[in-house]
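Below: one structure, written as structure tokens.
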Amino acid sequence: EDQVTQSPEALRLQEGESSSLNCSYTVSGLRGLFWYRQDPGKGPEFLFTLYSAGEEKEKERLKATLTKKESFLHITAPKPEDSATYLCAVRGQNYIPTFGRGTSLIVHP
Amino acid sequence: GAVVSQHPSWVICKSGTSVKIECRSLDFQATTMFWYRQFPKQSLMLMATSNEGSKATYEQGVEKDKFLINHASLTLSTLTVTSAHPEDSSFYICSASPGTTFETQYFGPGTRLLVL
Chain A
1 EDQVTQSPEA LRLQEGESSS LNCSYTVSGL RGLFWYRQDP GKGPEFLFTL YSAGEEKEKE
61 RLKATLTKKE SFLHITAPKP EDSATYLCAV RGQNYIPTFG RGTSLIVHP
Chain B
1001 GAVVSQHPSW VICKSGTSVK IECRSLDFQA TTMFWYRQFP KQSLMLMATS NEGSKATYEQ
1061 GVEKDKFLIN HASLTLSTLT VTSAHPEDSS FYICSASPGT TFETQYFGPG TRLLVL
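So the protein sequences, as listed, match chains A and B.
Mapped onto the working numbering, the consecutive letters of the first sequence carry residue numbers 1 to 109.
Mapped onto the working numbering, the consecutive letters of the second sequence carry residue numbers 1001 to 1116.
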């Protein structure tokens, strides 16, 4: 059974204070690891897809990295508008996506 | 960018009634649509995958007779929660893909269902 565990559950940062969110996973035959941003009461917004260990992707203040067991979402010099819940999901050889519970990020001005 | 809408955004109903939720792709043709359910502080759970013109594929543990999915056109899919009960109260989110893969899905804003 595919599993995704995200940590921490909640994170409070000061504006400009860089940090990382963790997504640990077990999956049979990784077909993709996905990061999404979800604002309260809204659907997820796609951020990144990573397919193989060593792969990295960047978008503005966000950078996602992938190893064989986990992925990190690094947030550099965050701003209050980065406050959201960040979701990680994996898709294995059964092609059914498994989502983590998310990390709720609050960035204080 | 690709836009997906859901209607209604909020619905409150009495136990035993049926509720229909619409999911529309506004600026692209959605070959595949996905329906998810999200309980508070829980993960997003895939309920079913639907392809236009064919029957939906339901995930294990999802009752197909309770959650009726219709994907009658390339821009519209509907989820009907039949004989809703309080335990069906949840946040229902659809996503749509112009292809057949999970990778290119665009999520709708979600529908919050409260069954009294």
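We put the beta carbon where it would ideally sit given N, CA and C, even for glycine.
Keep in mind the model is a prediction, meaning the values are calculated, not measured.
Item, Value
"Quick one: list the residues of chain B neighbouring E45 (chain A), beta-carbon separation under 8 Å, in chain order.", "F1107"
"Is P1086 (chain B) near A1030 (chain B), with beta carbons less than 8 Å apart?", "no"
"Tell me, please, which residues DSSP counts as bridged to L1113 (chain B).", "B:V1011 and B:S1090"
"Alpha carbon to alpha carbon, how far is P8 (chain A) from G102 (chain A)?", "9 Å"
"How about I75 (chain A): is its C-beta nearer than 8 Å to some C-beta of chain B?", "no"
"Mind listing which residues of the segment 1052-1073 of chain B have their C-beta closer than 8 Å to chain A's C-betas, in chain order?", "E1059"
"Do S1050 (chain B) and I1069 (chain B) have their C-beta atoms within less than 8 Å of each other?", "yes"
"Could you give the C-beta distance for V4 (chain A) and Y25 (chain A), rounded to a whole number, given that I count them as a contact under 8 Å?", "5 Å"
"Anything in the segment 1015-1048 of chain B with a Cβ closer than 7 Å to a Cβ of chain A? List those residues in chain order, please.", "K1041, Q1042, S1043, L1044 and L1046"
"At a CB-CB cut-off below 7 Å, which residues of chain B make contact with I106 (chain A)?", "Neighbours of I106 (chain A) on chain B: none; closest Cβ ~15 Å, over 7 Å."
"Contact check, H74 (chain A) vs Q14 (chain A) under 8 Å by CB: the rounded distance?", "So it is not a contact: roughly 16 Å between Cβ atoms."
"Output needed for S1018 (chain B): all residues of its chain with C-beta closer than 7 Å, excluding positions within five of it in sequence on either side, in chain order.", "T1080, V1081, T1082, S1083 and A1084"
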